[in-house]
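Report on one structure; see the data block that follows.
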Amino acid sequence: MKFNKLILAGAVSMALAACGGGGSDSNSAAPPVQTSPVSVVFNGTAAVGAPLAGSVTVKDSKGATKVAQIGDNGAYSVDVTGMTGPFVFRASGMANGRTYTVHSVATSADATGKINITQLTDLIAANVGGQLAADYFDQFDKNAATATASTIDAEVAKLKEKLQPILTALGVDANADLLRTPFTPLTSPLDKALDAIQVSVDTTTSVATISTTANASVITDDLKQKATAETNPLKLAADNISTATTDAPLVKKALTDFIGQFANGQPTVEALLPFVSDGFLHDDVGAKDFLRQLVSETVLVGATFSDFEIHQVDYSDPAKVTARVSFTVKTKGGQILDRLENWKIRKSPTDGVWRLHGNQRALELEAFASMTKLVNAGGTCYRTGLNFNIVDRNPANNTTAGLVDHIVVMGPGLPQAGLRYNVAGWGQEWRNTVNSSTTYVMGTDCSGTISPMGDDGIARLPDNAAYVLTAYDASNAKLSFASGSADGTYVLKVQRRPLNLSETKASTGFPTLSEQSLAALASFSTRDLTLAVSGVNPGTVTWLSIWEETSLIGNGLESTESPTAAGTFSTNFKLTALAAGETVKARSVRIESTDTYRRYMQTVYNR
């Protein structure tokens, strides 16, 4: 199932005069007493609604840095004793299965209180610096003079002015400081505001777009413009915010009630139908067919949904109120089953119940970073790039009009004219025209394969990059997808860039077959294969498949495995007995695991 204040202090030496004892008339000076430097520590919370899990880096005005790990519930503490204010902060990590990097800014005097690091403080830091927050952090030793107390306070006040309707609607204290007021993720009113307020930044124009999860209200923020230059700025509307806050637990309940049907066994399709909407469509599959697939998956017994997040609730049509959500599917043992799921939940206009609506896409689509280690009898080579899985299970429902001949994918790192994928047969994966694969190879040392990007180019690819898929007919006329799209295209996001080739070759994250397993694989007469695997991510399930080509036919078997805490597992494949005169020509084993950022780390053994 496919289901981001330094207190200026120094050591003070004091010479203490003391009278000599023993009847002496002379005075003697006691040795100076050294006091330790006063410890200067920044504390606060790193969160984007949900708490971040990752690290905080603080940089001072001279470019010196210190790193601290983020603790429970987004709490961080970093000692800046001996560093020189002002300071900038960068929090990088995961929240709700996604990658985030957000920034903040503070003066030396701020170390007496708390400093938050959120998507809102990221805006404050950017406005203080007059540039992208990431660039401000990177260049802070040259731009630290802009981080004065008056400038910071002005930007905090201006952002709060723009957001005041939302803050008021959610019960945020009128005296709250978006930069300095302590809050508790998942519970406090300020955290609810972080859940409701979304920020995206155009890195070309340095203009931020601020929106909400509950209405179409949008305001912009020119990062280059100072607060003093903004008079009577537009404010973010609070329409539907209170309603969305009430609806949020009901949306989540729709998901938990659904997966709860798998708590003690495999339910029937009939038992699951009440939890899905009338117009359910997911990856080009209708409700009954999709549910039939799910109830056959034993790995879902005892499974749970986690990392739940609401990205948008569309209240524009009362008959079609729909929430766009993401979540992670985990097995009974707590292992991640696949990449982050993106679904829609529809509120019934008749009984008011929220039900699963699927992603509403007329194609099965996936996009993710993929790194491959190819182990052949003659040597080993590596590939890295982006994988776009496109499968059509019902050509009749694809577009509003016209038959899809090909899809062009546009986005960071792809050819300027886009990456073309030609239509394939029913249920088959579409392949691109560059290297006849689902994967667009960006870097490789494998012979006979084009490597269009160097290490630096791949390293510059952004995280959470968006890729737009547009359909065309045979005459190259643009078509519009019939469902699951506001503008006729589909947009897929890749949360973490691929490793570049050097990083790929140095990675220890590739699965490994034992020497004994390799020997058995190469022994074509062996029909009962036990394969022992190590080096996989213990936090995710692993997919293993074997393909055998004989003089008569090609056959494949696959398995889903739950590795041990050490990242190992062993599994057995019983291959079909060879017919008289039938010989084995080749065998291949593919082991697919994922890293922390859900990038594919796969090893392919060819014999």
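Basically the numbering used here = 1-based index in the sequence shown + 148. Heads up, the beta-carbon is just placed ideally off N, CA and C, and yes, glycines get one too. Keep in mind the model is a prediction, meaning the values are calculated, not measured.
Suppose you measure from the CA of residue i to the CA of residue j; what does that come to, to the nearest Å?
i, j, result
"F721", "T742", "23 Å"
"S756", "K401", "Since the first residue shown for the chain is 149 and the last is 755, residue 756 is missing from the structure and cannot be characterised."
"D676", "S518", "30 Å"
"N221", "A195", "8 Å"
"E92", "P234", "Not covered by the structure: residue 92. The range shown for the chain is 149 to 755."
"S631", "T498", "23 Å"
"T183", "I606", "Since pLDDT at T183 reaches only 37, below the 50 mark, its modelled position is unreliable, and the value read off the structure follows with that caveat. For T183 and I606, the distance between alpha carbons rounds to 50 Å."
"L692", "N703", "14 Å"
"L522", "T232", "49 Å"
"L442", "V461", "26 Å"
"T660", "V684", "8 Å"
"K210", "I265", "21 Å"
"T393", "E457", "13 Å"
"M749", "V642", "15 Å"
"A728", "G559", "52 Å"
"T193", "S584", "47 Å"
"L705", "Q508", "31 Å"
"E512", "P646", "22 Å"
"V737", "I694", "4 Å"
"T361", "A614", "19 Å"
"E696", "F672", "9 Å"
"K340", "R238", "22 Å"
"G596", "L268", "48 Å"
"S359", "Q312", "13 Å"
"S710", "T452", "15 Å"
"I389", "T716", "47 Å"
"K733", "L726", "12 Å"
"A525", "G481", "37 Å"
In chain order, what residues of the same chain lie with their CB nearer than 8 Å to the CB of residue i, ignoring the 5 residues before and after it?
i, result
"L276", "Residue identity differs from the one stated: residue 276 is Val in this sequence, not Leu. Cβ neighbours of V276 beyond the five flanking positions: V253, Y284, T294, A295, T299, I300, E303."
"I484", "T476, V477, K478, G687, T688, V689, T742, R746"
"T446", "Q414"
"V399", "I458, V461, A471, V473, I493, W502"
"E378", "K306"
For my contact list, residue i and residue j are in at a C-beta cut-off of 8 Å; report their separation, rounded to the angstrom.
i, j, result
"T229", "V204", "About 16 Å; that fails the 8 Å criterion."
"K207", "V226", "Their Cβ separation, rounded to whole angstroms, is 11 Å, which puts K207 and V226 out of contact at 8 Å."
"F423", "R472", "18 Å between Cβ atoms; not a contact."
"L342", "A356", "With 8 Å as the limit, L342 and A356 do not qualify as a contact, their Cβ atoms being about 15 Å apart."
"V582", "L567", "7 Å"
"Y620", "H554", "6 Å"
"S633", "T547", "Wrong, their Cβ atoms sit about 10 Å apart, outside the cutoff."
"V347", "L271", "6 Å"
Leaving out the 5 sequence neighbours to the left and right, which residues in its chain are closer than 6 Å to residue i when beta-carbon positions are compared?
i, result
"E514", "N537"
"P199", "N221, G222, P333"
"P179", "The predicted model places P179 with a pLDDT of 41, which falls under 50 and marks its position as unreliable, so this point remains unresolved."
"T751", "K521, F658, P659, I739"
"S662", "A680"
"S718", "A680"
Identify which residue in the options has its Cα closest to the Cα of residue i.
i, options, result
"L649", "A239, V589, A619, R440", "V589"
"A292", "S256, D553, G408, E512", "S256"
"L280", "A317, A305, T353, S673", "T353"
"S665", "R735, W578, G192, A297", "R735"
"T592", "S584, S633, C529", "C529"
"A668", "Y753, T351, R644", "Y753"
"A467", "G481, W491, S496", "S496"
"S240", "N612, L700, I345, A212", "N612"
"L640", "Q287, E489, I694", "E489"
"N624", "A634, F288, V556", "V556"
"G636", "V433, D426, G550", "G550"
"G533", "V732, L609, Q217", "L609"
"G197", "N191, A344, A273", "A344"
"S365", "P330, Y463, L420, T376", "Y463"
Which residues in the same chain have their Cβ closer than 7 Å to the Cβ of residue i, if we skip the five residues on either side of it in sequence?
i, result
"G171", "With a pLDDT of 38 at G171, under the threshold of 50, the predicted position of this residue should be treated as unreliable, and no value is reported."
"A670", "R755"
"D405", "F423"
"T708", "V447, V689, W691"
"D173", "Because D173 carries a pLDDT of 39, less than 50, the predicted location of this residue cannot be relied on, and the following value inherits that uncertainty. Closer than 7 Å at Cβ, skipping near neighbours: no residue."
"T744", "none"
"V349", "L280, A356"
"P337", "L318, G319, V320"
Cβ of residue i less than 8 Å from any chain B Cβ?
i, result
"T719", "Checking the listed chains, one finds no chain B in this structure; it contains a single protein chain."
Inset, instruction - Examine the Cβ distances between the stretch 653-667 and the stretch 597-605 and report whether three or more of them are shorter than 8 Å. - result: no
Inset, instruction - Decide yes or no for the touch test of the stretch 238-250 against the stretch 323-331: beta carbon pairs closer than 8 Å, at least 3 of them. - result: no
Inset, instruction - Please confirm if the stretch 538-555 is in contact with the stretch 570-589, defined as three or more CB-CB distances below 8 Å between the two stretches. - result: yes
Inset, instruction - Pair every Cβ in the stretch 432-452 with every Cβ in the stretch 385-402, then say whether three or more of these pairs are closer than 8 Å. - result: no
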